[in-house]
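Q: Let me begin by handing over the structure; questions about it come next.
In my numbering, the protein residues as written are 27 to 354.
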């Protein structure tokens with residue numbers, strides 16, 4: 027089963043820097059994420075009637091020129107936006123379809139569910155994918171999400187998410203919720219997704235629990251940059267899916283995106299933590315790492331590049347070739 031990943035750095039990361047990414051930073055992130063093997067990149071919130079409020083912060087509102095610029099650098103990666111239904115009219119979605127946006131995600135509470143379902147039908151009619159994201163999952167009764175998921179299925183939604191907005195769920199709670207949703211919607215239902223927050227430092231563990239319970243699409247952000255305690259780290263998901271499922275990701279490129287564009291807003295050890303994540307995925311001990319560092323120094327190569335190359339070497343030749351092409 028292929029697990030899809032949406033990178034939400036430009037959207038959820040905006041809670042950290044007040045959506046202060048420059049167009050140049052945004053374009054570099056989208057291009058790099060696309061070249062690294064990400065399935066979708068969420069470029070911001072869609073607020074077509076509030077652009078004047080967010081002048082100079084395009085990721086907060088996704089004006090037409092910004093979407094065009096991101097589309098030009100996104101290659102085959104699915105361009106994604108998030109839209110609050112009370113900020114968007116049904117006719118506003120046509121512009122996104124014309125600009126090549128693939129997926130529109132809508133946060134939903136019980137009070138706004140009917141409107142979100144109507145918007146999902148409109149989005150699907152324009153040829154885009156639509157996702158209903160049931161937010162604040164830790165506050166909701168257990169029987170709510172399966173019922174909402176069935177309604178999302180009947181409205182033709184492409185994806186149905188639960189979002190641990192408060193970062194308060196434990197893995198067994200995530201597993202229970204996702205399992206119940208999968209059972210309720212059946213094989214013909216929407217793909218089930220999970221959006222983690224790292225309030226309890228369980229974002230990655232909760233995301234793995236969701237995948238094991240049947241989620242087929244999950245979110246991450248570079249360096250975990252996001253609201254509150256942050257998000258599940260995109261790089262941790264990339265390493266896990268690379269090692270566990272043979273998905274080819276360009277780790278060198280992902281690491282450079284963090285070090286070149288995000289160190290003002292994420293843990294400054296994020297690059298070193300990425301190295302450690304790669305090493306841990308291959309069960310390397312201190313003696314192994316010392317030898318690899320010596321090899322890297324002798325060959326004039328970055329240590330992370332050596333680790334990424336070693337991981338690629340554990341894959342089948344065709345998969346390793348795909349990774350090398352992505353890093354070129």
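Even for Gly, the Cβ is constructed at its ideal location relative to N, Cα and C.
Predicted model, so just to flag it, every value in this text is computed and none were measured.
Whole angstroms are fine: how far does the CA of residue 327 sit from the CA of residue 182?
A: Counted from its first residue, the chain shown places residue 182 at position 156. Counted from its first residue, the chain shown places residue 327 at position 301. Going by the C-alpha atoms only, they are around 50 Å apart.
Q: Leaving aside the five residues before and after residue 30 along the sequence, list all residues of the same chain whose C-beta is less than 6 Å from its C-beta, in chain order.
A: What you label residue 30 is simply residue 4 of the chain shown in a count that begins at 1. Result list for residue 30: 65, 243, in chain order.
Q: Pairing CB atoms from the stretch 27 to 41 with CB atoms from the stretch 225 to 236, are three or more of them under 8 Å?
A: Flag = no, the stretch 27 to 41 and the stretch 225 to 236 do not touch.
Q: Under 8 Å: do the stretch 287 to 296 and the stretch 65 to 84 share three or more Cβ pairs, one atom per stretch?
A: Counting Cβ pairs under 8 Å, fewer than three are found: no touch.
Q: Got a sec, what are the start and stop residues for the alpha helix (DSSP H) residue 378 sits in?
A: Any answer about residue 378 is impossible in this case: the structure gives the chain only from 27 up to 354.
Q: Counting only runs of 3+ residues fully inside the stretch 181 to 227, write out the beta strand (DSSP E) ranges in chain order.
A: Fully enclosed beta strand (DSSP E) runs of 3 or longer: 185 to 189, 217 to 221.
Q: For residue 233, count neighbouring Cβ atoms within 10 angstroms of its own Cβ and tell me buried if that reaches 16, exposed if not.
A: Counting from one through the chain shown, the residue named residue 233 turns up at place 207. The residue is buried, with at least 16 neighbouring Cβ atoms inside 10 Å.
Q: So, at 8 Å on beta carbons, what are the nonlocal neighbours of residue 132 in its own chain, with the 5 sequence-adjacent residues on each side left out?
A: Reading the chain shown from its first residue, position 106 is the one you call residue 132. Excluding positions up to five away in sequence, the list reads 108, 109, 110, 111, 142, 145, 146, 156, 157, 158, 159.
Q: Looking only at its own chain, which residues have a Cβ that is under 6 Å from the Cβ of residue 245, when we skip the five neighbours before and after it?
A: Position 219 of the chain shown, counted from the start, is the residue given in the question as residue 245. Same-chain partners within the cutoff: 32, 34, 221.
Q: Spatial neighbours of residue 301 within its chain, please: C-beta separation below 7 Å, excluding the five flanking residues on both sides.
A: For the purposes of this step, residue 301 is identified with residue 275 of the chain shown, where counting begins at 1. Hits under 7 Å: 329, 330, 333.
Q: Using a 10 Å radius around the Cβ and a threshold of 16 neighbouring Cβ atoms, would you call residue 185 buried or exposed?
A: Translated into positions along the chain shown, residue 185 becomes position 159. Buried, since its Cβ has 16 or more Cβ neighbours within 10 Å.
Q: Got a sec, what are the start and stop residues for the alpha helix (DSSP H) residue 229 sits in?
A: Working through the chain shown from its first residue, we reach residue 229 at position 203. Segment 229 to 239, the alpha helix (DSSP H) holding residue 229.
Q: What do you reckon, is the C-beta of residue 340 under 6 Å from a heavy atom of the ligand ZN?
A: Only the bare structure without any ligand can be found here, which leaves the ligand ZN out of the picture.
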